[in-house]
Structures are given as structure tokens and as C-alpha cells.
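A.B. asks: Line by line, the protein sequences give chains A and B.
All residue numbers for the first sequence refer to the numbering used here, where the first residue is -19 and numbers rise by one.
All residue numbers for the second sequence refer to the numbering used here, where the first residue is -19 and numbers rise by one.
C-beta: ideal position from N, C-alpha, C; glycine also.
2 protein chains.
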Amino acid sequence: MSLDTRKSKILESIIRDYVETAEPVGSRSVVRKHNLRISAATVRNEMADLEDMGYLEQPHTSAGRIPSEMGFRYYVDCMMQKETLDDSELEILNKILNENIGEWSDIVSKVGSFLSQVTNYASFVIVPSIKLSEFKNVQIIPITDGKAMLLVVTDVGVLMHRRIDVPSSISSEELQLIGKAFTRVLSGTRLEEMRRNELKALREDLKNRRKVIDKVLEAVDVMMQGSRDESVVISGALNILNEPEFKDMDKLKRILTILEEDILLKQIIPEKISEDVNITIGKENKAEDIQEMSLVVAGYNNFGEMGKIGVIGPVRMEYWKAAGTVESLRNILDQLLSKKFF
Amino acid sequence: MSLDTRKSKILESIIRDYVETAEPVGSRSVVRKHNLRISAATVRNEMADLEDMGYLEQPHTSAGRIPSEMGFRYYVDCMMQKETLDDSELEILNKILNENIGEWSDIVSKVGSFLSQVTNYASFVIVPSIKLSEFKNVQIIPITDGKAMLLVVTDVGVLMHRRIDVPSSISSEELQLIGKAFTRVLSGTRLEEMRRNELKALREDLKNRRKVIDKVLEAVDVMMQGSRDESVVISGALNILNEPEFKDMDKLKRILTILEEDILLKQIIPEKISEDVNITIGKENKAEDIQEMSLVVAGYNNFGEMGKIGVIGPVRMEYWKAAGTVESLRNILDQLLSKKFF
DNA sequence: GTTAGCACTCTCAGCGATTGAGTGCTAATC
DNA sequence: GATTAGCACTCAATCGCTGAGAGTGCTAAC
């Protein structure tokens, strides 16, 4: 259902006001702010219509109107102009990205923290598991007598390491040889395709060092277990303390608990999203715990898997800003991943 | 100044009650709870004395008394019996420690989270920088054309890694040789003692690969910069949401902000502490931001440097439980570091 | 030294009156 | 027919008041 121009203007005006003030918006203030050339009474009539249509609601009879979730939905779908990063923000972002030539995880957390600062909502970045990348190199480095460090490097440059026990009799050279043998057998193998029979052959090759081989396999198993999980970076969770809708302690605690725990956060983000900016408003969210919050999330291409980046905030959210910023940062992550890291 | 037995009993009674309920304690309830063989009127007199001495204070005339910070101090110094972990708690702890044979940082975070769960306060563990450990092994592993991974293993098994650029012409074997050369020169050198002239010699040795050498040195510098910082693990920050003294949003935000940022947290913890359990109450804290909170912190021996573990909570804290638990866990970290990791 | 008794203090919850923002309706106007 | 001015009405929020309740401090008696 489409709205005529005037109704649209009024709806937008109410949304903007309400998002800013968190207070119900009255007919007078709509007229004042947007100095439309109509009277408050006319606006009242239009507002009554909008309420009938479901785009507005009234907390109680003698209060102003607030946008309903359906109202926000209409705004987001039919009227919203995404507001992209302005010059000063871009400057800050570039500074951040340039100063840091470190690990991918550093960049992700910097971008996440930038996102939360710019939008003033909690941000999250989900980095998918690396199951599609390939073994590149396996090394075993002695640390102390009986302890060694197992290193696995994948083709995308992800490093996994784990301490393992080795016989104290074994020499550094021998460990190196074992590492090389593993490299030979596994190099180019995708992590999830690692075949047991290849490994068996390996075990035959080095039969006098079976104990070490077994330790290594065990460690690789554990590492893969770990790497199977996608990682989640959360930033700016405390931003919700600024939102008046969360002055209630119980609500606050429920939300903050989710925003503190990777696992909980992962559960509330929709599995299937498009690469574009996805917005889910209030009760549109499947997860019960966040049915008074909104999500703005986009996918980015992380070595063939879809990563996710977005913000979570109150239904009364600056969708225009959030959507624009999330979109920009999604693109930047895409770029970085395709150019800088290969 | 020492108190007579009866005053002590009354003070303790008031402290216990107040810590539990967060409400001022009246003379009647003191008599009732601890069924002392004296009347409320007598208790009132004693309470008036305790107030004169500064151990109690009165929020307003017709309310009960609450312990002053000085009262808590007296209790902690002269009366407190530390309450150690009970059997069921020990069982949980053992389970946690056994299931996890991974990295040291995992253990630290598990212990931290256990501490916050048992005490219901926010916990922190500070792991000192590793500046006293020695180089053990340097490796350079090619990832893709023009990119390689630099790995440094120290004698305590800490691994540092960083991606570096290398000439795309360079071979895997050559990188390995360079790594070996570094290992030869640096092995056994303490990180903070790494001498520039040793490195210069190295640079001479491999003069046809100066670019790579320089890249490696640059990366080592950055890594050492990073490793110079102690790391901080915070757990259970949201526990303060349960404390009625933080129902005020501004206070809450101030405290949570500190508990979310490693750097801020580090600043509020006293530099100099003894290895034993240190307790600072309210205004005893130098940092202004936490002058309505208390710290319970102990030092543990982390490869010769002092690490710190503790909790932070309201002045109205169960010091007996917090002190006992912190002490136990301090000892456990000490043990783990001396036995398991060497 | 201890206690019972009592007047006094102060907070807190509940209640009614007041205020003010905002609506909805009606009748007049463009 | 759309728009607007005017006005009665509604309802949350605020203020001031009151009474109840908890607790103290003092005094006088034990």
C-alpha cells in the first residue's frame, strides 16, 4: 500500500522526531518542525488516517503518536535514503585502516569498533569459519624438553597453533622432518576434506614415530574443531545504555547478556541474509529475546563464505545512518579481503 | 583501636546484614538475627558508640545504621575469616581445569570466569608482559607469492606471529635459511636485551637479502611492542547489574565502561600490591572512578613477573568470600605456572 | 550497666488535585 | 470537498499532603 505525498511527509516527520527524542510526536510539532503549509488540525486528521492504516500508534489517548513497527517498515522499504559516511568519518576510517597492517582479526575488530562509534549502536562482525581453505604448511617446533608447538598455516594465511607433547628423546631435526612429511601429504588438501586414508599412509611412512604422529593428528583435530566455529566480534555494546527504552534493568540485563556472549549473539542473527543490507525490525526478528530491537546486517564475501557485519539497536533506530554505514563497511571488508589479503 | 567483644559482634552482625540486604540495619534486627542476650536499647547505645567511633553511619536520622568504609576496614583487618571454596565449587573448578589442556590464555580466562561466577562480582586477571622470556626459534613460512608468516617462539612457549611482505622471487628454502640465521643469532637472547649490534652482524651475514631482514626486524619490533603490554582478561562485568547501588544509569555506565576496556581497568588497579590478598575499600582507591567500589586482588608468580587476579565489586561486598576465593585461585595459578607449563 | 517506655524524626506509599500536552469532533471557511 | 479554528475531553505526570512504619535518642526505672 502506497501513501500520498503528504501522508509520507508526515510519517517521515514523525519518524525523524520520534527517533531523535524517543517521545510521542504531536500534531503541532510536526507542523512546526517541517513548516508544512497546513494546520495542525489537518495533520491530526492525516495522523488519524495513518493510525487506522497501522503505520502509527498511540501509547494512550492524550499522547502524540509513535511510529509502529509497520510504520518503520514502510519507511525503510519505500522512503529511506541511506546516509553514507561523510568526509570526516571517511577520514577517520582511512586513518584506522592505514595505521593497522596487522592481522585480519585486528582489522575486523577495528572496523567493528568504528561501526559502533559512528552509529552509536552495538556492532558485530561475524567471520566465517575457514573450512574452505587449504593446508599450506605444517611445522613442529620444539619448545622445551617434551613440549613442542604445532603450527598449521593455511593458504589464506590463517595460522593455527597448539602445544603438543612429544617424546623428550626426539630431536629438533626429526620434528622438522615429520612436519615436512605432513606438509607433503596434506598440502593443498581442504581442511574439511582431510582424508583418513591419506593420514594412514603417512602413519605408515613414519611408523617409528607413531606416537608423535598421533599427537599431531589429535592436535589437528582439536584445531579443526575450533576453526569450524565462526568467530564473532562485538563492539560498543554499552551504547544501549544511552537508549531510554532500556532504562529498565531487566531488559537491559537481557540485552547486555546477549551482547556479551558470542554464542548468544550468533543465535539471534538470521542465518540466511542477502549480501545487501538486511533490516529486521522488532517482532520481525525470530529470536524472542530481541523482539524490541532491530537488526541491520549485510553479508560480505570472506574467501567464498559469507561473513556478516551489522548493528543492533532499538526499534527506534536511525535506520538511514545504520544502513548506509553498514553498507559502506560491508563494501570495504569485501575490498580488503579481495585485494589486500591475496 | 580495638573493640570489645560485644561491639565487635554487633558490628559484624550489621555488616553481614547490610551486605546481604543493602538496607540500613536497625537495632531490633541485630538482636533478632543473632539472638544476643541483650535488649535492643543496649544495642542502640552500642551502635551510637560505634557511630561516634566512625565505624557506622546513618543515612538519615530515623533509619538504621550502615557500616562506614572504616567499619568495613576494621572488619577486614581484625575480624574477617576468609571463606575458601567449598567442595562443590572445588569440584567444578577441577572439572574446568582438566577439560582444558589448551593455551595458557584459555586457562586464564576460564579461571577468571570461574572467579566471577563464584563470587558474583566482576573478575579480572592481569597477565604480565613476557619481556623476560627468551627467543627460542624464528621461522619464516611462505603463504602466497610475496607474503610470508613470521613466527617467533619463546622459551616459555609463547608464540608470536605476524604477516610480512617478502620479495616474490624468494624461495621457500631461502626463507627457511634466513629464519635459521635469526634463530642462531637470537636464540637465548632475552627479548628486551635484543642487541642492535647482534642484528647488524646478522644483516651483514645475509647482505643479499637485506630487504627481508629489514622486514623481519620491523615485524619483530612490532611484535615486541605488542608483547610488552600486559594482557587483561575481564569476566562477569554484568554482575554489577545485580547490585542495587548501581541502579543509577550514570554510575552504571561509568563502571561498565571501565570494566569493558582493558586499558581503563588496568589503570584502576594498584601498581604495587603484595602477593597476598590486598583489599582496598571505596575511597581507599586512588582512581577516582571507583571510589564507591572495592577491590580484592592478589599477585601470582608468572615466570618471575607478578600477575594479578582479583574481583571488583561494591563497597558492600562479601569480603570474606571474595578474599578466600581470590586467594585460592591465586594459589592455583601459581601452581599451574610452576608445574604444568614447565 | 541495662532496659522499658515514649516522644520524635524521617522516609515512603498512597491519594487527590492540578497541570499541560495532545486529541477528536464540530462548525465555519476557503 | 478539503482545510481550519475552536473547544471540550482525556490521560499521564507532577505536586503536596497525610498517615503508617521503622528506627532513633533520651529519660527514668531497675
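1) Spatial neighbours of B/GLU225 within its chain, please: CB distance less than 6 Å, with the 5 preceding and 5 following residues excluded, ordered by chain position.
2) Can you list, in chain order, the residues of its chain with a C-beta nearer than 8 Å to that of A/GLY126? Leave out the 5 residues immediately preceding and following it.
3) Can you round the beta-carbon distance between A/PRO47 and A/ILE(-10) to whole angstroms, since I take them to be within the 8 Å contact cut?
4) Determine the direct distance from the alpha carbon of B/LYS252 to that of A/GLY279, and round the result to whole angstroms.
5) For B/PHE322, would you say it is in contact with chain A, using Cβ-to-Cβ distances shorter than 9 Å as the test?
6) May I ask you to list, following chain order, the residues of the region 232 to 243 of chain B that have a beta carbon less than 8 Å from some beta carbon of chain A?
7) Which same chain residues, not among the five before or five after A/MET297, have their C-beta less than 6 Å away from its C-beta?
8) What is the DSSP secondary structure of A/GLN119, reduced to helix, strand or coil?
9) Taking the continuous alpha helix (DSSP H) assigned at A/PHE94, which residues delimit it?
10) Considering only C-alpha positions, which residue in the set B/GLU307, B/PHE283, B/ILE292 and B/GLY304 is nearest to B/LYS319?
11) At a CB-CB cut-off below 7 Å, which residues of chain B make contact with A/VAL133?
12) By how many angstroms is the C-alpha of B/SER(-18) removed from the C-alpha of B/MET33?
13) Based on Cα-Cα distance, which residue from A/GLU37, A/ASP230 and A/ALA21 lies nearest to A/GLU3?
14) Thinking C-alpha only, which one of B/VAL23, B/THR64 and B/GLU26 is nearest B/ASN311?
15) Find the residues of chain A that neighbour B/HIS141, judging by a C-beta separation of less than 7 Å, and give them in chain order.
16) Counting only beta-carbon atoms, is B/LEU313 nearer than 9 Å to chain A?
17) Would the region 300 to 311 of chain A count as touching the region 235 to 242 of chain A if we require 3 or more Cβ pairs under 8 Å?
18) When we look at the beta-carbon of A/ILE289 and count the other beta-carbons within 10 Å, is it buried (16 or more) or exposed?
19) Jot down the residue ranges of each uninterrupted alpha helix (DSSP H) in the region 204 to 291 of chain A, minimum 4 residues, whole runs only, in chain order.
20) Between A/THR124 and B/ASP86, how many whole angstroms is the CB-CB distance? I'm expecting something under 8 Å.
21) Can you tell me the Cα-Cα spacing of B/LYS233 and B/GLN97, whole angstroms?
22) Any idea what DSSP makes of A/MET327, helix, strand or coil?
23) When the distance is taken between beta carbons, is B/MET27 closer than 9 Å to B/ALA303?
24) Can you tell me whether B/THR(-15) is buried or exposed, with buried defined as 16 or more other CB within 10 angstroms of its CB?
25) Any idea if A/ASN117 is buried or exposed, counting beta-carbon neighbours within 10 angstroms, 16 or more meaning buried?
26) Could you tell me which uninterrupted alpha helix (DSSP H) segments, each at least 4 residues in length, are contained entirely in the region 21 to 59 of chain B, listed from first to last along the chain?
27) Using a beta-carbon distance cut-off of less than 9 Å, what residues from the region 211 to 222 of chain A approach chain B?
28) Counting only Cβ pairs nearer than 9 Å, list the residues of chain A close to B/GLU83.
29) At which residues does the alpha helix (DSSP H) containing A/VAL333 begin and terminate?
30) Leaving out the 5 sequence neighbours to the left and right, which residues in its chain are closer than 7 Å to A/ASP228 when beta-carbon positions are compared?
31) May I ask you to report which of helix, strand or coil DSSP gives B/ASP201?
32) Nearest chain A C-beta to B/MET204 closer than 9 Å, yes or no?
33) Tell me the DSSP bridge mates of B/LEU139?
34) Per DSSP, what kind of secondary structure is B/ILE327 in: helix, strand or coil?
35) Do the CB positions of B/VAL196 and B/LEU130 come within less than 9 Å of each other?
36) If contacts are defined as beta-carbon pairs under 8 Å, then A/SER103 and A/GLY216 qualify, I think. What distance do you get, rounded to the angstrom?
C.D. replies: Taking the geometry as given:
1) PRO294
2) ASP145, VAL146, PRO147 and SER148
3) That belief does not hold up - the Cβ atoms of A/PRO47 and A/ILE(-10) are roughly 11 Å apart, past 8 Å.
4) 48 Å
5) Unreliable placement is indicated for B/PHE322, whose pLDDT of 47 sits below 50; the coordinate value is still reported in the next sentence. Yes, B/PHE322 counts as interfacial toward chain A.
6) LEU232, LYS233, LEU236, THR237 and GLU240
7) SER274
8) strand
9) The continuous alpha helix (DSSP H) containing A/PHE94 extends over residues 84 to 99.
10) B/PHE283
11) ILE121, ILE123 and MET129
12) Rounded to whole angstroms, B/MET33 to B/SER(-18) spans 11 Å at the Cα level.
13) A/GLU37
14) B/THR64
15) LEU139
16) no
17) no
18) buried
19) Qualifying alpha helix (DSSP H) stretches, in chain order: 229 to 240 and 242 to 248.
20) At roughly 19 Å, the Cβ-Cβ gap does not stay under 8 Å, so A/THR124 and B/ASP86 are not in contact.
21) If I take the Cα positions, the gap works out to 21 Å.
22) Nothing can be reported for residue 327 of chain A: it is not among the residues displayed for chain A, which extend from -19 to 322.
23) no
24) exposed
25) Per the 10 Å Cβ criterion, buried.
26) 49 to 54
27) Taking 9 Å as the cut-off between beta carbons, the residues of the region 211 to 222 of chain A near chain B are ALA217, LEU218, LEU221 and ASN222, in sequence order.
28) HIS141, ARG142 and ARG143
29) Any question about residue 333 of chain A goes unanswered here, given that chain A covers just -19 to 322.
30) none
31) Correct three-state label for B/ASP201: helix.
32) Not closer than 9 Å to any Cβ of chain A, the Cβ of B/MET204 fails to qualify, so no.
33) For B/LEU139, which the question treats as bridged, DSSP gives the partners B/VAL133.
34) Since the first residue shown for chain B is -19 and the last is 322, residue 327 of chain B is missing from the structure and cannot be characterised.
35) Contact check for B/VAL196 against B/LEU130 passes: the beta carbons are separated by less than 9 Å.
36) 6 Å
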